[in-house]
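Heads up: the structure comes next, in structure tokens.
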Amino acid sequence: MLQLLLTIIIFLIIVIPVGRYMYHISIGAHTFADPVFDRVDGVIYRIGGVDSKKGMNWKQYALALVGTNAVMVFIGYLILRIQSIGLFNPNGIEGMEPTLSFNTIISFMTNTNLQHYSGESGLSYLSQMLVIIFMMFVSASSGYAACVAFIRGLAGKTKDNVGNFFADLVRITTRIMIPFSVVGGLLLVWQGVPQNFDANVVVETIEGTFQTIAMGPIAALEIIKHLGTNGGGFLGANSTTPLENPTILSNLIELYSMMLMPGACVITFGKMVRDRKQAAMEAAGQNSVTVPALNEGRSLTARIYGREGRSIFLAMGLIFIIGLSVCFWAESQGNPALANAGLNQSMGSMEGKEVRFGIAQSAMFTTTTTSFTTGTVNNMHDTLTPLGGMIPLLHMMLNVVFGGKGVGLMNMIMYAILAVFICGLMIGRTPEYLGKKIEGREMKLTALCIIIHPMLILAFSALAVATPGGMEGITNPDYHGLSQVLYEYASSAANNGSGFEGLADNTYFWNITAGLAMFFGRYLSIVIQLAIAGSLMKKRFVSESTGTLHTDTLSFAIILVFVVYIFAALTFLPALALGPIAEHLTLWS
């Protein structure tokens, strides 16, 4: 328990400077590395013919994002199909089958990184670099760019300008993703992660048998896999293997890499909204020394996160801590089926886990990778206890617990709008959020955005258990088989990418349906959320009154947590009851 507490405390410390740095990049403020990055950005703008100072409305921004991603999907699909060419292919990997290529390119472009193949045997080094690693950079940057545009819309400094997608994409890639990846990649190489272009090595073991050791640019993929909350492994067994994750230090590097950017997005949100409030006060000629301003000046957390960012961060943190506690407790109890077989369960349920990481770091990694929607694993989720496996499944169903590439923040804002709407109904007052009235258009779009996620998960799961193509992939009977199906589509719709790997998913049915879930789960939500931001930024600010619901308080953070859990219970509890909960009751009966 102590190591979990220390891990969280260190995260809370290191996320602060990263959040400040991302905030400065988002508003175009000066940073220490501008003399270098400005020149790099300028070259890219000239090559691409981009006017970085030209603003876009939300429709233009969404069209630029989707259009750019579509071009990359086409090129990436082509490379996967022809990867059998000799270039950077020392292991003689053949071209990918069409439906698997479709699933893979959609997976990596949507930042899901769901893998229906094993990386070391399914991809050439050319595909690993030009498709997988490249997509890991641009898909993450695309998501964070959308998040920054969404925040600009909420801050509402202008009526019809959420920024320039191409400028945001370039700045986030060159100023955050690449430099952080270089530093993190070197740290992983220092810890023993391979980085080369050698062919696989065949060695004779001490037992006299022969084993193939995978080689390749593993460290380069490994760091952006976590920093961009991607999750797709160079190797099929992902970060459970010593080649991808050799030491406890490499485990912590990977853990913090996937936590940093989503946490930093919340700080960026808080600071940008605070800037807007200060500008509004100055424009109105109000005295800057007001009660909220005094409180913000005295409060350390408000100065760090911004008042609005603090409540969002707290709500996310509470859900994360609850989930981590349940997962750690469940795995610590061991497995009664193994205990009945005579195996000692004093260490907890160690099936599918690395002894070097143990229960604590396995539970921490499991909860983090599905809360921050990364998808990387340092243990096999299919072997988790029923309640331990329910937590990552539930957090992907919620998709608001920090999330990856800004998604968690954007989704949590949807629940914040829903929360102020419900509270407004209780007192008969038009709901307001961030000084803007929430009216019919915003509520319809918010409801649609929130409903899409469970609809994708439950509809595709129902299709899978009702058709021969879906049933053929289920390898476990009864309750756990349903959990496998729910996990696959929750992971796809949440753009997470982890899986209960007992599922036989490399078939036409699973490749196509999971690909569609990933596509709609990514782009429908982003477009709707940008539309909400575009609608709110055109509204006039309303003055606070005694009836205004303050959304920057501890009480609102708790309300937000309850709203999220209530919605989850109404939509997912029946499915969870038939899957992991029923399995737990059967196992412990």
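To convert, note that position 167 of the sequence shown is 630 in the working numbering; the numbers rise steadily by one, no gaps. Virtual Cβ for every residue (Gly too), placed ideally from N, Cα, C. Predicted, not measured: the structure shown is a model, and the values here were computed from it.
Reference residue i, options the options, closest by Cα
i	options	result
Met629	Ile595, Ala527, Phe697 and Ser581	It should be pointed out that residue 629 corresponds to Phe in this sequence rather than to Met. If we check each option's Cα against that of Phe629, Ala527 comes out closest.
Ile471	Ser702, Thr573 and Leu723	Leu723
Ala826	Glu1046, Asn842 and Tyr588	Asn842
Thr562	Gly978, Phe982, Pro931 and Glu1007	Gly978
Pro705	Ala682, Val633, Gly530 and Phe732	Ala682
Val883	Leu806, Thr1016 and Tyr986	Thr1016
Phe982	Gln546, Ala778, Asn554 and Thr575	Thr575
Ile556	Leu543, Glu1046 and Phe613	Leu543
Leu911	Tyr878, Val1026 and Leu1050	Tyr878
Ile785	Ile854, Pro849, Phe828 and Met735	Ile854
Lys522	Gly530, Thr672 and Ser584	Gly530
Leu1061	Pro917, Gly960, Leu949 and Thr930	Coverage of the chain is limited to positions 464 through 1052, which leaves residue 1061 absent and any answer about it impossible.
Phe565	Met592, His1047, Ala727 and Asn969	Asn969
Thr829	Leu651, Ala793, Leu801 and Leu632	Ala793
Leu781	Lys517, Phe551 and Tyr1028	Tyr1028
Ala1031	Leu856, Thr1009, Met592 and Ile545	Leu856
His579	Phe551, Leu650, Gly936 and Leu1048	Gly936
Met464	Phe495, Leu541, Leu787 and Gln658	Leu787
Val652	Thr930, Ser713 and Val513	Ser713
Ser720	Thr831, Thr703 and Ile822	Thr831
Asp462	Gly505, Glu560, Val666 and Leu847	The requested residue 462 is not part of the displayed model; the chain covers only 464 to 1052.
Same chain, Cβ closer than 7 Å to residue i, neighbours up to 5 away in sequence not counted
i	result
Arg739	Ala618, Gly619 and Lys620
Ser809	none
Leu908	Ile991, Ala994 and Ile995
Lys1002	Lys899 and Lys900
Whether residue i touches residue j by CB criterion (8 Å)
i	j	result
Leu577	Gly962	yes
Glu905	Ile995	yes
Ile595	Gly647	no
Thr833	Thr692	no
Thr938	Ala967	yes
Ser605	Phe571	no
Val656	Pro709	yes
Ala953	Ile920	yes
Cys414	Met889	This structure leaves residue 414 out entirely; the chain is present only between 464 and 1052.
Gly616	Met934	no
Tyr524	Leu993	yes
Val870	Met779	no
Val840	Asn701	yes
Val789	Leu850	yes
Tyr486	Thr731	yes
Asn624	Gly518	yes
Ser955	Gly1042	no
Tyr607	Lys868	yes
Tyr588	Phe474	no
Met735	Ser515	no
Ser584	Gln546	no
Phe791	Leu1050	no
Gly866	Pro725	yes
Gly733	Arg892	no
Integer-rounded CB distance, given that residue j should sit under 8 Å from residue i
i	j	result
Gly696	Gly582	6 Å
Ser988	Ile915	6 Å
Arg770	Arg737	7 Å
Thr573	Arg985	4 Å
Ile767	Ile479	6 Å
Glu707	Leu698	6 Å
Ala662	Pro553	4 Å
Leu881	Val729	Not quite, the Cβ-Cβ distance comes to about 18 Å (not below 8 Å), so this is no contact.
Asp845	Glu951	That pair is no contact at about 11 Å.
Same chain only: Cβ atoms within 6 Å of residue i, ignoring 5 sequence neighbours per side
i	result
Val754	Residue confidence for Val754 is low, a pLDDT of 45 falling below 50, so the modelled location carries little weight; the figure read from the coordinates is stated next. Once the five neighbours on either side are set aside, Val754 has no close Cβ partner at all.
Ala957	Thr836, Met859 and Asn862
Asn758	Note on Asn758: pLDDT 49, under 50, position unreliable in the model; no value is reported.
Val503	Thr637
Tyr971	Thr562
Gly932	Phe972
Ile913	Met877
Ile569	Gly978, Met981 and Phe982
Asn520	Asp623
Cutoff 8 Å; reference residue i; Cβ partners in own chain excluding five residues on either side
i	result
Cys886	Pro894, Leu1012 and Ile1022
Ile711	Arg819, Phe820 and Gln824
Phe551	Ser587, Tyr588, Leu589, Met592 and Phe660
Problem - Inter-stretch contact (C-beta, 8 Å, three-pair minimum) for the stretch 797 to 809 and the stretch 669 to 688 - result: no
Exercise for the section: Give a yes or no on contact between the stretch 639 to 649 and the stretch 531 to 546, applying the rule of three or more CB pairs nearer than 8 Å. Expected result: no
Problem - Three-pair Cβ contact test at 8 Å for the stretch 940 to 954 versus the stretch 889 to 903 - result: no
Practice task
Take every Cβ of the stretch 925 to 937, pair it with every Cβ of the stretch 879 to 899, and state whether three or more of those distances are shorter than 8 Å.
Solution key: Judged by Cβ distances under 8 Å, the stretch 925 to 937 makes no contact with the stretch 879 to 899, as fewer than three pairs qualify.
Handout entry: Three CB pairs or more closer than 8 Å across the stretch 669 to 682 and the stretch 812 to 826
Key = The stretch 669 to 682, when compared against the stretch 812 to 826, does not touch it at the 8 Å Cβ threshold.
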